[in-house]
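For reference, the structure is listed below as structure tokens.
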Amino acid sequence: MESKFKLSVKSDRVCGRMWICCLTVFVLLCGQLSSAFAQSPDDNDGGRQHKIDSLRALLPAANMEEKREIYKKMEVLYIFFNDLDKQLAFLNEYIEYAREMQDVKLESFIMAQKALTYHNLKHWEEYLPLMPADMEFWSKHEMWRFYFIISHIKIAYLILNHHYETAIKEAEKMYTFAKEDNIPFGKGIAQMSMGSAYYALDRYEDSRKCFREAINIFCTVKEYHVLDFMSEAFRILCKSILHIGEYTAALPVLNEWESQIKDFEQKNPETGIPTCKIQYYVMSAEVYVRLGEFQRAEESLHKIDRTVSESYAGAVMINKCRVQLYIRQGMYDRAMQLIELIMPYFKPWDDVVTVELMQAQAEIADSTDNSALGHSIYRQLYHHFDSLNRVKMAAQLDELHTIYEVDKLTLENDRLVMEKDYHRKYMLLYFTGCCLLFVALGIWIVYSRRLDVKNRILVARILEQDKLMNTLQSALIARRKSESESKQECDNDLLNALNQLMTETGIFSNPGLNRKILAELLNISEQRLQKLIYKHFSCSVVEYISDQRLKFARDLLSNHSEKYTVEAIAIESGFGNRRTFYRQFQQRYGVTPGAYRTYSVGQV
1150 MESKFKLSVK SDRVCGRMWI CCLTVFVLLC GQLSSAFAQS PDDNDGGRQH KIDSLRALLP
1210 AANMEEKREI YKKMEVLYIF FNDLDKQLAF LNEYIEYARE MQDVKLESFI MAQKALTYHN
1270 LKHWEEYLPL MPADMEFWSK HEMWRFYFII SHIKIAYLIL NHHYETAIKE AEKMYTFAKE
1330 DNIPFGKGIA QMSMGSAYYA LDRYEDSRKC FREAINIFCT VKEYHVLDFM SEAFRILCKS
1390 ILHIGEYTAA LPVLNEWESQ IKDFEQKNPE TGIPTCKIQY YVMSAEVYVR LGEFQRAEES
1450 LHKIDRTVSE SYAGAVMINK CRVQLYIRQG MYDRAMQLIE LIMPYFKPWD DVVTVELMQA
1510 QAEIADSTDN SALGHSIYRQ LYHHFDSLNR VKMAAQLDEL HTIYEVDKLT LENDRLVMEK
1570 DYHRKYMLLY FTGCCLLFVA LGIWIVYSRR LDVKNRILVA RILEQDKLMN TLQSALIARR
1630 KSESESKQEC DNDLLNALNQ LMTETGIFSN PGLNRKILAE LLNISEQRLQ KLIYKHFSCS
1690 VVEYISDQRL KFARDLLSNH SEKYTVEAIA IESGFGNRRT FYRQFQQRYG VTPGAYRTYS
1750 VGQV
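Just add 1149 to wherever you are in the sequence shown, counting from 1, and you've got this note's numbering.
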């Protein structure tokens, strides 16, 4: 019995997926189907083709409004053709008419019909390359109804092919898009699609949350076409509750569902809603069967209009529910008779319903101890579900492999982007460094030129100062000749002796020369020497010695530039070291010894 109920659960899930796909066909075609039944087209393609040809003959003489009515009638007739090429050829012609009329709404509707044609005739794979252009058209003209319905069908297709993770991701993208653009209908459809994927994965609690939110969203949308989707959400919500085993919890949901149908009937009294009622009454009967209230279940089934119940959708749901009702009541003979009555009708073309009926037969065989029949049916079901599971497993493996490849490509793309970004930053840094280098080089060139001009001017000034100093000294000597002879002779003798020491003996080249040594050499006191030098040269003894050394160094720099190095000239001139020479020379003349050597050659 446990295996029997597991098979039943699997069957319910497959049927639920089938209904998800079939629902959109009812949404967009319910008006056309009612017109088709009113016209009672012939059952054979020849009769329909004859009517189409008759209608097409009226097109040349018809005006634009008459053509619209003719195309509507032809559309109804083409629905019954199981020929993709014929339907597509007509729909393309119909689209051209809509474009000629500049009727965007009609064009959008026909494009949706075209997508449904691919879906209904099981050629959805051929439509997928065309889908982006259609989605862009609907998005551009804000035809969100068709945009989200076709997106819902795509997700239902993924679910039917067991690509559950991909379906959930697509539903999440659709919900995010609808939320950002504040499109309630889109959010509701996205929640339905996500709930359907969770339902297929047996995640009933997640499924309940999604369908509950979808219903709450649909209640805020005041459009008639939303009712079909709302009813489907109510139906699978009840299914999820029944799978968990909370049968009584389904009753409030049924009451809310009935209230919504009545509300829509009052607002749209001229429009019938048989599909929603079929779903509601059959689900009510199923809930009452689970609760053991068989009389109320029978009453729910009898409330369905007989004309509607003879349609395929009504037959599937009512007969399936009635079989379960007979089995729960122990009326196995009646259940078996009903199964044998409807099995030939579904067996050639509806594998899902056939499997469900076979499960019911197996349950009856177990209950009546008909082991031979039960064994035979279970063997058939085993092979069927075994092959189904293999297909499902293969599809899931393909999906996982696809996800892996996509993730792999994404990581590779991220790596390439990071690598490209790294190279871009490296090149930017390199370019910035080059620019800074060129700027620094330019600054250095400008600075060097300005320094060169400055040094030339300073050297010229030093030489001019030397000439001026010589002139002043000559004038000073001439003036002093008029002074007293005795005192002048004494000073002149000392000056001559001092000059002889400096020029002839080069006493200043001694680094240890100071005021005391120089006074002893002149045989005078230090005070006398200080007064003499200050009187005639206006400086101290130390400054006088340093000035003599610098003059000697300048002479060497100017006249012997290649013979001595700067360090040798510093030692030769009496400076203790090269650093002291550089410091004193630059403090005295404002240029370095090297710069003076460069710019004084040829000017002395």
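We put the CB at the ideal spot given by N, CA and C, even for glycine.
Secondary structure of residue i, DSSP reduced to three states
i: Pro1742; result: helix
i: Asp1118; result: This structure leaves residue 1118 out entirely; the chain is present only between 1150 and 1753.
i: Met1379; result: helix
i: Ser1695; result: helix
i: Glu1314; result: helix
i: Glu1291; result: coil
i: Thr1714; result: coil
i: Ser1408; result: helix
i: Arg1352; result: coil
i: Ile1453; result: coil
i: Leu1662; result: coil
i: Glu1505; result: helix
i: Cys1688; result: coil
i: His1272; result: coil
i: Lys1328; result: helix
i: Phe1734; result: helix
i: Gln1486; result: helix
i: Ile1606; result: helix
i: His1524; result: helix
i: Pro1333; result: helix
i: Val1566; result: helix
i: Asn1468; result: helix
i: His1374; result: coil
CB-CB length for residue i against residue j, believed under 8 Å
i: Met1323; j: Phe1360; result: Contact doesn't hold; Cβ gap of about 16 Å is too wide.
i: Val1504; j: Ile1488; result: 12 Å between Cβ atoms; not a contact.
i: Gln1697; j: Met1651; result: 5 Å
i: Val1438; j: Leu1474; result: 5 Å
i: Arg1664; j: Val1690; result: 4 Å
i: Ser1749; j: Ser1707; result: 5 Å
i: Gln1428; j: Arg1384; result: 5 Å
i: Leu1705; j: Tyr1693; result: No, Leu1705 and Tyr1693 are not in contact; Cβ-Cβ is about 19 Å, not under 8 Å.
i: Tyr1755; j: Ala1511; result: Past the edges of the chain, shown from 1150 to 1753, lies residue 1755, and the structure says nothing about it.
i: Gly1337; j: Ala1316; result: About 17 Å; that fails the 8 Å criterion.
Residue i, buried or exposed, once every other Cβ within 10 Å from all chains shown has been counted against 16
i: Asp1615; result: exposed
i: Lys1569; result: exposed
i: Thr1424; result: buried
i: Met1567; result: exposed
i: Cys1470; result: buried
i: Asn1604; result: buried
i: Gly1394; result: exposed
i: Lys1584; result: Lys is not the amino acid found at residue 1584; the sequence shown has Cys there. So Cys1584 ends up on the exposed side.
i: Lys1557; result: exposed
i: Tyr1132; result: Because the chain is modelled from 1150 through 1753, residue 1132 falls outside the range shown and cannot be assessed.
i: Thr1485; result: The sequence shown places Met at residue 1485, not Thr. With 16 or more Cβ atoms within 10 Å of its Cβ, Met1485 is classed as buried.
i: Leu1386; result: buried
i: Pro1493; result: exposed
i: Tyr1348; result: buried
i: His1451; result: exposed
i: Cys1582; result: Looking at the sequence shown, residue 1582 is not Cys but Gly. Exposed, by the Cβ-count rule.
i: His1572; result: exposed
i: Tyr1553; result: exposed
i: Met1576; result: exposed
i: Thr1620; result: exposed
i: Lys1222; result: buried
Segment contact flag, the region 1658–1671 with the region 1710–1726, C-beta cutoff 8 Å, min 3 pairs: When Cβ pairs closer than 8 Å are counted between the two stretches, the region 1658–1671 is seen to touch the region 1710–1726, the count reaching three or more.
The region 1249–1263 touching the region 1303–1311, judged by at least three CB pairs closer than 8 Å: At 8 Å Cβ cutoff, the stretches do not touch.
Below 8 Å, can you find three or more Cβ-Cβ pairs linking the region 1313–1327 to the region 1273–1287? Not touching, per the Cβ criterion.
If we count Cβ pairs, one from each stretch, closer than 8 Å, do we get three or more for the region 1376–1386 versus the region 1404–1411? The region 1376–1386 is in contact with the region 1404–1411.
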